[in-house]
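Chemist: 12 is the number of the first residue of the sequence shown in the numbering used here; add one for each residue after it.
Have a look at the structure that comes next, please.
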Amino acid sequence: MSRRCELTGVGPLVGNNVSHANNRTKRRFLPNLQKKRIWIPEEKRWITIKATARALKSLDKKGIKAMLKK
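Here's what the structure looks like:
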């Protein structure tokens with residue numbers, strides 16, 4: 012399973028760990044993914060999505076129709 016938000020498409024980023032001695036090693040910044048069941052009233056069924064916490068806040072504000080359009 013990919014670590015990618017199904018609503019916004021956000022995925023992992025790559026950067027460096029920087030030590031006190033300024034040694035740099037590669038690391039990954041993973042998105043804050045959450046599984047959420049959402050009721051779709053038009054289809055009268057539940058769907059499970061994997062979305063970031065930020066996308067879930069936007070989903071609460073805008074609604075499922077607006078988020079699925081984008």
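Note that CB positions come from ideal geometry on N, CA and C, so glycine has one too.
The structure displayed is predicted, hence computed values, not measured ones.
Provide the residue(s) that pair with I49 in DSSP beta bridges, ordered along the chain.
Modeler: Answer by DSSP bridge pairing, in chain order: I58.
Chemist: What does DSSP give as the partner residue(s) for L18 in the beta ladder?
Modeler: Paired residue(s): none; L18 is not in a bridge.
Chemist: Are the CB atoms of T59 and C16 nearer to each other than 8 Å?
Modeler: No, the pair does not count as a contact, with Cβ atoms beyond the cut-off.
Chemist: Which residues share a DSSP beta bridge with R35?
Modeler: Bridge partners of R35: V29.
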